[in-house]
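Visitor: Numbering (UniProt numbering), first residue to last: 1 to 706. The following block contains the structure, expressed as structure tokens.
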């Protein structure tokens, strides 16, 4: 019986010890494997050269529609630590428990030890070949190694080595010793040694390992065979090109087309991975700013004034030498709040850069320093701030952080924060992104998670995030000299729950009221400004004031569009630099954008009660381990978006590039017309094609007001 293994970090020794014959396949072969009668199971891991979450999503999609053959997700963290080792051990044991019943072979530790000592896991290197006068190449990020070797050889190069998928197994210590008699410890040691140079673990270490591999093999060219959508490859490529004595770097499509191959001496815009000028927005081309929305809510100006005062105080505290942090939105920033460490959320800063029409200047700064400009652009605006003078930046500029914090979700994100920490001299704290591995689990998470999070979530995932939060607290305390007061943290968490309760009430008011009292042009800024202050009395009170104003508008019958007849759902990140887009179709079509993820997630994604003696820190872990699943995991995200569309009585959907395809597909199956705009939120600037496409879409399905 065959086990098809989709992912390089699945140990073949474990599979063999369960009586199955492992067969490694690429992601594109998974569908065919499902039809093969000899395949008893398909085992997915989260490691892929192209997109860190792709395997999770494929697994989740197949899990929803397939009952045979058996599907298994082996979710292994990439960076070592006490919590990560405990989590990896639990997941490896669970995988064995899932595989053994398929063959009736009991997983015996002695048999596993024998297989481990006999197994030769893929190292990712081919070694060298006889000398040739043609250029000698290392292939990077190839899932189908034979095909890539054939294509590179056909382009006139000699392949002397290949890197494992996403760097897995290509670094020092990749072939860990199988010493000792505990097979589980050997599995863990081997995995973490081999995983140390993955993109998810460290893009910088992956680049170092790749340069060492090229040097050992005598290669003068690095060929990227990765998918063009691989954001991590763009950041890895930039790292290689900025190094001293950098090899020639090209891609397989460039090589085959005979195009210009970038070298370290080329212009920064080319190094960044695009053969065009960095400033591509229409605002940069025409000098015209994007449209600003009309505000229906008085609280927005109050919130904006407070935000400016707050940011000025942040700058003053950082200038005075206090620790200052920039954190990604999906990290447990409540710890910093309880420690009274000033911080800014990376996504908030990106929205300010966009809203102030500063994106072209920040893109130019990235390009000038050899960083990609169009890969994870929204997440890299904080890095760009290092290179933009304060007088040219919004609000006087972002202070240089001493602490950075992110989640190891997308491979490119790890690389951005690593290079940010290196360039700015900051300490970096990271958390692993775990995945739901059960075949059956509750889908109505928006009802279950606030009070039944312990019963709804896998205990292994809760254990991992709780352990890593504790580890992060120890690191922050050691580096800042501050000590976390448990009572202060409890107070912060209570304030967060009180704030989010108001957002639920606001969401329900908007959903139930026609014509809508507000649009997302109002609720996006009115929600997100207080959200960046979660855990403070001001944040709680701001949400209360927002609810009071929306309730008054409902009571008075005030509407953003009196002739409303089309209620629209916006799926994806917001166009902060062009909020007027959301108000452009009221007079012409009676169309109101009533839903975005910002208020939706505030209402459903954050509430975690911890009364009845439950651990407050574990409730915080429950909040953040699912962050991203609500928007990305097929089972959860599609169900939630459909539920929200029904709740808001939505008539149409507009989704942009970062909207999940399965979400839009499910909304379409719900009978809703869906417009897909293939552009990211930073590209949808003032007016332009997006507005025309939305207008045409509304014309087609609903016509214009008469």
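Even for Gly, the Cβ is constructed at its ideal location relative to N, Cα and C.
#1: If you measure from the CB of residue 559, is any heavy atom of the ligand FMN nearer than 8 Å?
#2: Could you check where the alpha helix (DSSP H) with residue 313 kicks off and where it finishes?
#3: Per DSSP, what kind of secondary structure is residue 296 in: helix, strand or coil?
#4: Within the stretch 422 to 482, note down every full beta strand (DSSP E) run reaching 3 residues or more, in order along the chain.
#5: Residue 569 by DSSP, collapsed to three states: which one?
#6: According to DSSP, which residues form a beta bridge with residue 655?
#7: Counting pairs of Cβ atoms below 8 Å between the stretch 242 to 260 and the stretch 217 to 225, do you hit three or more?
#8: On the DSSP letters alone, give me the boundaries of the beta strand (DSSP E) that residue 670 sits inside.
#9: Please list the terminal residues of the continuous alpha helix (DSSP H) segment that includes residue 98.
#10: Taking contact to mean 3 or more Cβ pairs, one atom from each stretch, closer than 8 Å, check whether the stretch 555 to 571 and the stretch 637 to 651 are in contact.
#11: Of all Cβ atoms in chain C, is any one closer than 9 Å to the Cβ of residue 646?
#12: Assign residue 623 to one of three DSSP states: helix, strand, or coil.
#13: Compare the beta carbon distance of residue 477 and residue 339 with 9 Å and say whether it is the shorter of the two.
#14: Counting only the same chain and skipping the five closest in sequence on each side, list residues whose C-beta sits under 6 Å from that of residue 83.
#15: Can you tell me where the beta strand (DSSP E) with residue 45 in it begins and where it stops?
#16: In the DSSP output, what is residue 152 paired with across the bridge?
#17: Kindly indicate which three-state DSSP category residue 282 falls into: helix, strand or coil?
#18: Who are the Cβ neighbours of residue 346 in its own chain at under 6 Å, not counting the five residues just before and after it?
#19: Would you tell me roughly how many angstroms separate the C-alpha atoms of residue 376 and residue 234, rounded to the nearest one?
#20: Might you give, ordered along the chain, the residues of its own chain that have their beta carbon closer than 6 Å to the beta carbon of residue 603, omitting 5 neighbours on each side?
#21: Can you say whether residue 334 is buried or exposed, counting buried as having 16 or more other CB atoms within 10 angstroms of its CB?
#22: Return the residue from the list 677, 15, 402 and 36 that minimises the CA-CA distance to residue 341.
#23: Per DSSP, residue 343 forms a beta bridge with which residues?
#24: Between 150, 114, 594 and 157, which lies nearest to residue 134 when the distance is taken from Cα to Cα?
#25: Does the stretch 538 to 551 come close enough to the stretch 295 to 302 that 3 or more CB-CB pairs lie under 8 Å?
#26: Measure from the alpha carbon of residue 153 to the alpha carbon of each residue in 252, 75, 470 and 562, then state which is nearest.
#27: Can you tell me whether residue 626 is buried or exposed? The criterion is at least 16 other CB atoms within 10 Å of its CB, across all chains shown.
#28: Report the rounded CA-to-CA distance for residue 400 versus residue 691, giving the unit in angstroms.
#29: Taking Cβ to Cβ, would you say residue 655 is nearer than 9 Å to residue 675?
#30: Do residue 574 and residue 351 have their beta-carbon atoms positioned less than 9 Å apart in this structure?
#31: Helix, strand or coil for residue 595, going by three-state DSSP, please let me know.
#32: Does the stretch 437 to 449 come into contact with the stretch 634 to 650, if we say contact requires no fewer than three beta-carbon pairs (one atom in each stretch) closer than 8 Å?
Guide: Here's the rundown:
#1: Here there are no bound small molecules, and the ligand FMN is not part of this structure.
#2: 299 to 319
#3: The three-state secondary structure of residue 296, taken from DSSP, is coil.
#4: 427 to 432
#5: strand
#6: 571 and 676
#7: yes
#8: Counting along the chain, residue 670 falls outside any beta strand (DSSP E), and DSSP gives it neither H nor E.
#9: Annotation: the continuous alpha helix (DSSP H) that includes residue 98 extends over 82 to 103.
#10: yes
#11: As a matter of chain content, chain C is missing from the structure shown, which is built from one protein chain.
#12: helix
#13: yes
#14: Counting only Cβ-Cβ distances below 6 Å, and skipping sequence neighbours, we find 464, 467 and 468.
#15: 39 to 45
#16: Secondary-structure assignment with DSSP links residue 152 through no beta bridge to anything.
#17: Any reading at residue 282 is ruled out, since the residue's pLDDT is 34, under 50, leaving its predicted position unreliable.
#18: 326, 328 and 382
#19: 10 Å
#20: 503, 504 and 507
#21: buried
#22: 402
#23: 325
#24: 157
#25: yes
#26: 252
#27: Buried: at least 16 other Cβ atoms inside 10 Å.
#28: Between residue 400 and residue 691, the C-alpha separation is close to 37 Å.
#29: yes
#30: Cβ atoms of residue 351 and residue 574: closer than 9 Å.
#31: strand
#32: Short answer: they touch.
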